[in-house]
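Asks: Numbering (this note's numbering), first residue to last: 138 to 292.
Beta carbons: idealized from backbone N, C-alpha and C, even for Gly.
Once you've had a glance at the structure underneath, I'll fire off some questions.
In structure tokens, the structure reads:
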């Protein structure tokens, strides 16, 4: 199991590809809560169910003005096809090259397999991790922990 960054830690900044010609930095979202949902791979059954669930509860996340970002080691073209197929309404970021760099920063890279853990982070508007959770890789962690963490953010 990885050494996931705990609550109270400043969230490491990063810039990742969203599309072949567009990047997104965590710093750009400062001033609002951010949910990072690391997952092992597009197209796996558990990941598909997890991202579909988050797509359904996206309005609940948005009630807290929170931005949801999915992150895996898959490339932008794979993300584009997966997102289109699942009709996702939030960005999937490609932690592709160098592979797993951001997952490593957050302590959620599985070296032996070359994938990210199924890990969640809620980051407050000031860039501090307020909640983190690493689920068993074969278990969909759901959204309850995220919603509880959002409710408990300092106002």
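Taking just the CA atoms, how far does residue 195 sit from residue 202?
Replies: Those two C-alpha atoms are separated by around 10 Å.
Asks: Looking only at its own chain, which residues have a Cβ that is under 7 Å from the Cβ of residue 189, when we skip the five neighbours before and after it?
Replies: Once the five neighbours on either side are set aside, the close Cβ partners of residue 189 are 223.
Asks: May I ask you to report which of helix, strand or coil DSSP gives residue 268?
Replies: In the structure shown, residue 268 sits in a strand (DSSP, three-state: E or B).
Asks: Compute the beta-carbon to beta-carbon distance between residue 240 and residue 213, rounded to the nearest angstrom, for a pair I have assumed lies under 8 Å.
Replies: No, residue 240 and residue 213 are not in contact; Cβ-Cβ is about 16 Å, not under 8 Å.
Asks: State yes or no: is the C-beta of residue 172 within less than 7 Å of the C-beta of residue 205?
Replies: Cβ atoms of residue 172 and residue 205: closer than 7 Å.
Asks: Can you name the start and end residues of the beta strand (DSSP E) that residue 208 belongs to?
Replies: It spans 204-209 - the beta strand (DSSP E) in which residue 208 sits, taken as one unbroken run.
Asks: Whole-angstrom Cβ separation of residue 282 and residue 257, contact assumed at under 8 Å?
Replies: Sure, about 7 Å apart at Cβ, within 8 Å.
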